[in-house]
Amino acid sequence: MTQIIGFPEEMRDKASDGGGGNPLSASLGLSTREAEDGRTYGALDLGTNNCRLLIARRQRDGFKVIDSFSRITRLGEGLGAHGRFTPAAIDRTLAALTVCASRMERHGVSVSRCVATAACRLAGDTAPFLERIRGETGLAVEVISADEEARLALAGCAPLLEARGAPTLLFDIGGGSTELTLVEVEDTPAGPMPGAVRAMESLPLGVVTMAEAVGGGHLSARLHADIVTHVRERLRPFDITHGISDRAARGDLSLLGTSGTVTTVGAVALGLTRYDRARVDGLTLPIHAVKEVGARLLDMTPQARAAHPCIGRDRADLVLAGCAILEAILSTWPVPRVRVADRGIREGLLMTLMDARGPCDFTEVRDSDDPPQADDKILPPLVDDLPRPPPSPESGVTP
Numbered sequence: 215m216t217q218i219i220g221f222p223e224e225m226r227d228k229a230s231d232g233g234g235g236n237p238l239s240a241s242l243g244l245s246t247r248e249a250e251d252g253r254t255y256g257a258l259d260l261g262t263n264n265c266r267l268l269i270a271r272r273q274r275d276g277f278k279v280i281d282s283f284s285r286i287t288r289l290g291e292g293l294g295a296h297g298r299f300t301p302a303a304i305d306r307t308l309a310a311l312t313v314c315a316s317r318m319e320r321h322g323v324s325v326s327r328c329v330a331t332a333a334c335r336l337a338g339d340t341a342p343f344l345e346r347i348r349g350e351t352g353l354a355v356e357v358i359s360a361d362e363e364a365r366l367a368l369a370g371c372a373p374l375l376e377a378r379g380a381p382t383l384l385f386d387i388g389g390g391s392t393e394l395t396l397v398e399v400e401d402t403p404a405g406p407m408p409g410a411v412r413a414m415e416s417l418p419l420g421v422v423t424m425a426e427a428v429g430g431g432h433l434s435a436r437l438h439a440d441i442v443t444h445v446r447e448r449l450r451p452f453d454i455t456h457g458i459s460d461r462a463a464r465g466d467l468s469l470l471g472t473s474g475t476v477t478t479v480g481a482v483a484l485g486l487t488r489y490d491r492a493r494v495d496g497l498t499l500p501i502h503a504v505k506e507v508g509a510r511l512l513d514m515t516p517q518a519r520a521a522h523p524c525i526g527r528d529r530a531d532l533v534l535a536g537c538a539i540l541e542a543i544l545s546t547w548p549v550p551r552v553r554v555a556d557r558g559i560r561e562g563l564l565m566t567l568m569d570a571r572g573p574c575d576f577t578e579v580r581d582s583d584d585p586p587q588a589d590d591k592i593l594p595p596l597v598d599d600l601p602r603p604p605p606s607p608e609s610g611v612t613p
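This note's numbering applies: residue 215 is where the sequence shown begins, and numbers increase by one.
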């Protein structure tokens, strides 16, 4: 599967730090470097629950993703209890990374960056694990800070920022942590751009850590409520320090979510019979629709969740913990709607590697274990150009 990530024409020859010298915003400035350089780039994100790869080539109007891969590895399984990776988690992760290394070699990747996040920040045996990765796969994986994780997610999600005269709270519900970034949004001739970053926070609350903390993934209504209450308490200091609830009460706040949790909720809200990234990425959901999906998933049996085509067996025991974290976020900062992003760190890595500092957009990409598609044509640059069936009028869901 190929995709094109396009940079708006008006932005190609401009330069801006985008945020008054703020280091996170500065990385989102614009490049004047020659666009087509003939190299192939790789971006790998090793998270607490997933291993994900994008491979791309830079084009005049952006860059073209020529292959993608995603596999659930559960690297952080048992980490909260033991502080070390389990042998099974290491084996699963090494198997996924071996596939990534093979694909990067097959496509002739010459410039790459491989990063690891919360699980590797926490584990006591990360150093020998990374040495083993390098020895067995040849991949040099670096552990990045929570701040850089948030910066990369913001870079990847920047095209979905909306110009509404209000700052955006970007939240990323991961396997081992949840990142929060409050960023100003600036209107520019090329569209909304990230401005100054007002606040950042990383909380050790992810779908894996929360599910394991309550003894498993199938939650009763009481356990669900307990998680919501716990997460809300952990959000309070961040909220009070930065006055975010006050912003929400004045209508001066937008929410943008990136994670498997929010994309799953989006797919279920749309009633998809097969996950379709083109319809989920950039979707706008009214809060009542999010709550309805959460209640529906909580009422399902584990077997029913596993059988759902947009959830599956590998994620059925984690989605409820994710929905509880999401509910805590939405109830702490009540806004009318939330926007969904199926993009993040990998896209931010590619933009950084290519010095492609302006917001970009891209068409559908299918992460799978399947061999890369032979088709190498350039697809339309904007996801909004893709035809989408209209949602039902009563749903309130806005693509």
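Glycine included, each C-beta is placed from N, C-alpha and C at the ideal position.
* **Reduced DSSP category for ASP176 - H, G, I as helix; E, B as strand; rest coil** => There is no way to answer for residue 176, as the model of the chain reaches only from 215 to 613.
* To do: Could you pull the start and end residues of the beta strand (DSSP E) that CYS265 belongs to?
  => Position 51 of the sequence shown, counted from the start, is the residue given in the question as residue 265. Start and end: 264 to 273.
* **Residues near ALA295 by beta carbon distance below 8 angstroms, same chain, minus five either side** => Your numbering for residue 295 matches position 81 in the sequence shown. Sequence-distant partners of ALA295 (beyond 5 residues in either direction) whose C-beta falls short of 8 angstroms from its own C-beta, in its chain, are GLU426.
* Measure the C-alpha to C-alpha separation of PRO523 and LEU486 and round it to an integer number of angstroms. => Taking the first residue of the sequence shown as position 1, residue 523 is located at position 309. Taking the first residue of the sequence shown as position 1, residue 486 is located at position 272. Between PRO523 and LEU486, the C-alpha separation is close to 8 angstroms.
* Whole-angstrom C-beta distance between LEU467 and VAL549, which should lie under 8 angstroms -> For the purposes of this step, residue 549 is identified with residue 335 of the sequence shown, where counting begins at 1. For the purposes of this step, residue 467 is identified with residue 253 of the sequence shown, where counting begins at 1. With a Cβ gap of about 6 angstroms, VAL549 and LEU467 count as contacting.
* Return the CA-CA distance between LEU497 and LEU511, expressed in angstroms with no decimal places. => Numbered from 1 along the sequence shown, position 283 holds the residue referred to as residue 497. Numbered from 1 along the sequence shown, position 297 holds the residue referred to as residue 511. Taking the straight line from one Cα to the other gives about 20 angstroms.
* Tell me the DSSP bridge mates of GLU356? -> Position 142 of the sequence shown, counted from the start, is the residue given in the question as residue 356. Its beta-bridge partners are VAL329.
* Asked: Should the segment 310 to 317 be regarded as contacting the segment 282 to 296, the criterion being three or more beta carbon pairs within less than 8 angstroms?
  -> In this structure the segment 310 to 317 touches the segment 282 to 296; the number of beta carbon pairs closer than 8 angstroms is three or more.
* To do: Within its chain, find whatever has a CB closer than 8 angstroms to the CB of SER545; leave out the 5 residues flanking it on each side and keep chain order.
  => By one-based count along the sequence shown, residue 545 stands at place 331. For SER545, where only same-chain residues beyond five positions count, the Cβ hits under 8 angstroms are VAL442 and ARG446.
* Going by beta carbon distance, what residues of the same chain come within less than 6 angstroms of GLY389, once the five residues before and after it are set aside? -> Taking the sequence shown and counting its residues from 1, the one referred to as residue 389 is at position 175. Excluding positions up to five away in sequence, the list reads GLY261, THR262, ASN263, GLY290, GLY420, VAL421 and VAL422.
* Asked: Can you list the beta strand (DSSP E) stretches of 3 or more residues lying completely in the segment 358 to 400, in chain order?
  -> DSSP runs (the beta strand (DSSP E)) wholly in the segment 358 to 400: 382 to 387.
* **Buried or exposed by the 16-neighbour rule on C-beta atoms within 10 Å, applied to ILE690** => What is shown of the chain runs 215 to 613, which leaves residue 690 out entirely.
* To do: Please go through the same chain and pick out, in chain order, the residues whose beta-carbon is closer than 8 angstroms to the beta-carbon of LEU366, but skip the five residues on each side of it.
  => Position 152 of the sequence shown, counted from the start, is the residue given in the question as residue 366. If we look at LEU366 and ignore the five residues flanking it on each side, its Cβ neighbours are VAL329, ILE358, GLY558, ILE559, GLY562, LEU563 and THR566.
* To do: Measure the CB-CB distance between MET414 and THR395 and report whether it falls below 8 angstroms.
  => Here residue 414 is taken as the residue at index 200 of the sequence shown, counted from 1. Here residue 395 is taken as the residue at index 181 of the sequence shown, counted from 1. Against a cut-off of 8 angstroms, the Cβ pair of THR395 and MET414 comes out as a contact.
* Asked: In angstroms, rounded to a whole number, what distance separates the CA positions of ASP326 and GLN273?
  -> On the sequence shown, position 112 is the one that residue 326 refers to. On the sequence shown, position 59 is the one that residue 273 refers to. A small fix is needed here, since residue 326 is Ser in this sequence, not Asp. Each residue's Cα considered, the two are about 17 angstroms apart.
* Asked: What did DSSP end up calling LEU470 once you bin it into helix, strand or coil?
  -> Taking the sequence shown and counting its residues from 1, the one referred to as residue 470 is at position 256. For LEU470, the three-state secondary structure derived from DSSP is strand.
* Give the straight-line distance between the Cα atoms of HIS502 and ILE539, rounded to the nearest whole angstrom. => Counting from one through the sequence shown, the residue named residue 502 turns up at place 288. Counting from one through the sequence shown, the residue named residue 539 turns up at place 325. Computed Cα separation, rounded: 16 angstroms.
* Buried or exposed: ASP575, going by 16 or more other Cβ atoms within 10 Å of its Cβ? -> As a first step, residue 575 must be located in the sequence shown, where it is residue number 361. The predicted model places ASP575 with a pLDDT of 38, which falls under 50 and marks its position as unreliable; any figure quoted below should be read in that light. By the neighbour-count rule (16 or more Cβ atoms within 10 Å), ASP575 is buried.
* Where the alpha helix (DSSP H) through ALA632 begins and ends -> Past the boundaries of the shown model lies residue 632; the chain is included only from 215 to 613, so the question cannot be answered.
* To do: Evaluate contact between the segment 296 to 305 and the segment 333 to 344, counting only Cβ atoms and requiring at least three cross-stretch pairs below 8 angstroms.
  => Short answer: they touch.
* Report the rounded CA-to-CA distance for VAL428 versus HIS438, giving the unit in angstroms. => Numbered from 1 along the sequence shown, position 214 holds the residue referred to as residue 428. Numbered from 1 along the sequence shown, position 224 holds the residue referred to as residue 438. Going by the C-alpha atoms only, they are around 9 angstroms apart.
* Asked: When you compare only the Cα positions, how much space is there between PRO381 and ARG348?
  -> Position 167 of the sequence shown holds residue 381. Position 134 of the sequence shown holds residue 348. Straight-line measurement puts the Cα of ARG348 at about 41 angstroms from the Cα of PRO381.
* Cβ-Cβ separation, TRP547 to SER459 (assumed contact under 8 angstroms), whole Å -> Your numbering for residue 459 matches position 245 in the sequence shown. Your numbering for residue 547 matches position 333 in the sequence shown. Going by Cβ atoms, the distance from SER459 to TRP547 rounds to 6 angstroms, so yes, they are a contact pair.
* Asked: For ARG288 versus ALA303, is the C-beta spacing smaller than 8 angstroms?
  -> Numbered from its first residue, the sequence shown carries residue 288 at position 74. Numbered from its first residue, the sequence shown carries residue 303 at position 89. It is a contact, given that the beta carbons lie within the stated cut-off.
* Between HIS321 and the rest of its own chain, which residues show a CB-CB distance below 7 angstroms, the 5 nearest in sequence each way excluded? -> Within the sequence shown, the letter at position 107 stands for residue 321. Cβ neighbours of HIS321 beyond the five flanking positions: THR254, ILE269, ILE280 and ASP281.
* To do: Taking only runs that begin and end inside the segment 485 to 554, name each unbroken beta strand (DSSP E) of 3 or more residues, in chain order.
  => Whole beta strand (DSSP E) segments, 3+ residues: 498 to 500.
* Asked: Ends of the alpha helix (DSSP H) at VAL422?
  -> Counting from one through the sequence shown, the residue named residue 422 turns up at place 208. Residues 421 to 427.
* State the DSSP-derived secondary structure class of SER459, mapped to helix, strand or coil. => Locating residue 459 in the sequence shown gives position 245, counting from the first residue. It is helical.
* To the nearest whole angstrom, what separates the beta carbons of CYS537 and THR475, a pair I think is in contact under 8 angstroms? -> As a first step, residue 537 is located in the sequence shown; it is residue number 323 there, counting from the start. As a first step, residue 475 is located in the sequence shown; it is residue number 261 there, counting from the start. About 6 angstroms separates the two Cβ atoms, so the contact holds.
* Is GLY430 buried or exposed, if buried means 16 or more other CB atoms sit within 10 Å of its CB? -> As a working mapping, residue 430 is identified with position 216 in the sequence shown. GLY430 comes out exposed.
* Unbroken beta strand (DSSP E) run spanning GLY294, endpoints -> On the sequence shown, position 80 is the one that residue 294 refers to. Counting along the chain, GLY294 falls outside any beta strand (DSSP E), though it belongs to the alpha helix (DSSP H) covering 293 to 296.
* Asked: Going by alpha carbons, who is nearest to LEU534 out of ARG378, VAL323 and ASP513?
  -> Here residue 534 refers to the residue found at position 320 of the sequence shown. Of the candidates ARG378, VAL323 and ASP513, the one whose C-alpha sits nearest the C-alpha of LEU534 is ASP513.
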